[in-house]
Each structure stands twice: as C-alpha cells, then as structure tokens.
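*Asks:* 1 is the number of the first residue of the sequence shown in the UniProt record's numbering; add one for each residue after it. Built from N, CA and C at the ideal position, the CB exists for glycine as well. Here it is, the structure in full.
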Amino acid sequence: MARAVPLWPFLLFGVIEPALLVWAYVLILQDPRKFYVNQVPHSALADAGFPPQAKLLVLLLGNVYLLLAPLAIICIWTPHRSVATYYLMAVGLGDLGHIYATYQVCGEAFWDLTLWNDMMWGNVGVSAFFHLNRWATLLGLFGRLGR
C-alpha cells in the first residue's frame with residue numbers, strides 16, 4: 001500500500017509516536033499518582049495528597065493518549081496526502097500548546113535543563129523534536145508528500 005509520507009516521518013509518526021502514546025497510557029494506569037506528581041520537577045506535591053479530581057484528570061489524559069495512538073496510525077499510514085498534511089498541521093499546533101502549558105506551570109525550571117526530570121524531557125524535549133519533524137515533513141525536507 002502506498003503511503004503519503006516519506007519513510008522517516010512514516011516511522012516517527014506512524015510507528016514510534018503511537019507506541020510512545022500507548023506506553024504513556026500504560027504508565028498512567030500503573031501509577032496515576034506518580035504520573036501526576038512528576039509533571040512538575042522538584043514540586044512540593046511529592047508529599048501532598050492525590051485528590052480524586054486529579055486522579056480523574058490523569059486517567060482521562062491517559063485515555064486521550066490511547067485515542068491519539070490509532071489516529072496517528074490511520075492518518076500517517078493513509079495514501080491520501082491531504083489527510084496526512086492536515087493531521088500533521090493539527091498535531092503540530094497541539095505540540096506548541098503542550099510546550100506552552102509546561103512553560104506556564106514550570107516557570108524558571110522550564111529554562112534550566114538541569115532541573116528537568118523524565119516527564120519534562122517528554123513534555124518539552126520530545127514534543128519539540130516531534131514538532132520540528134512535523135514541519136520539516138510538511139516543508140518536504142524528508143521528501144515529497146504523496147498524492
């Protein structure tokens with residue numbers, strides 16, 4: 001089956017990213033409190049409680065991750081250029097929102113990489129990497145998008 005995106009974006013967005021989304025979903029199910037506390041590095045939340053509202057939001061976020069995984073596969077594995085293009089644009093904008101939300105909450109820790117934990121590297125580093133690759137794909141830097 002023909003695909004609309006070149007090999008590297010296909011592997012990154014159609015295989016690796018969905019796998020990471022499912023992995024994040026599993027991590028959330030295993031320990032929602034840990035996922036919640038680790039959102040902000042060096043936070044005072046480590047000793048704080050875990051209200052049911054927070055648990056609900058974390059589990060709902062996990063559900064969104066699980067929803068995004070097959071959408072990525074469908075939209076990247078498609079032979080239709082327009083589907084892949086609009087998907088990459090939409091998720092590229094989502095990347096910016098993801099990074100901005102992290103910036104808003106983390107303040108100065110956002111700029112100090114020595115303070116980053118694994119979650120910060122995912123929220124900012126991985127999101128920025130995916131974002132740059134999405135726009136590089138749209139600009140044709142990895143090859144021409146299909147029909």
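Taking all protein chains shown into account, decide if residue 174 is buried (16 or more other Cβ within 10 angstroms of its Cβ) or exposed.
*Replies:* This structure gives no information on residue 174, because the portion of the chain shown stretches from 1 to 147.
*Asks:* According to the Cβ coordinates, are Phe-110 and Tyr-100 closer than 7 Å?
*Replies:* Contact flag unset, no.
*Asks:* Report yes if the CB atom of Pro-9 is closer than 7 Å to the CB atom of Thr-137, and no otherwise.
*Replies:* Yes, the Cβ-Cβ distance between Pro-9 and Thr-137 is below 7 Å.
*Asks:* Which runs of the alpha helix (DSSP H) spanning at least 4 residues fall entirely within the UniProt domain "DUF7704" (3-144), listed in chain order?
*Replies:* Segments of the alpha helix (DSSP H) lying fully in the UniProt domain "DUF7704" (3-144): 7-11, 17-30, 32-37, 52-77, 81-106, 127-138.
*Asks:* In whole angstroms, give me the CA-to-CA distance for Val-124 and Asn-38.
*Replies:* Near 13 Å, if we compare the C-alpha coordinates of Asn-38 and Val-124.
*Asks:* Would a C-beta distance cut-off of 7 Å place Ile-16 and Gly-62 closer than the cut-off?
*Replies:* No.
*Asks:* Taking Cβ to Cβ, would you say Leu-145 is nearer than 7 Å to Arg-81?
*Replies:* For Leu-145 and Arg-81, yes; Cβs fall inside 7 Å.
*Asks:* Between which residues of its own chain and Ser-127 is the CB-CB distance below 6 Å, once the five residues before and five after are set aside?
*Replies:* Asp-95, His-98, Ile-99.
*Asks:* Using only the alpha-carbon positions, how far apart do Pro-18 and Leu-12 sit?
*Replies:* Answer to the nearest angstrom: the Cα atoms are 9 Å apart.
*Asks:* Keeping to the same chain, check which residues put their C-beta closer than 7 Å to that of Asn-117; ignore five residues upstream and five downstream.
*Replies:* Answer for Asn-117: Asn-38, Pro-41, listed in chain order.
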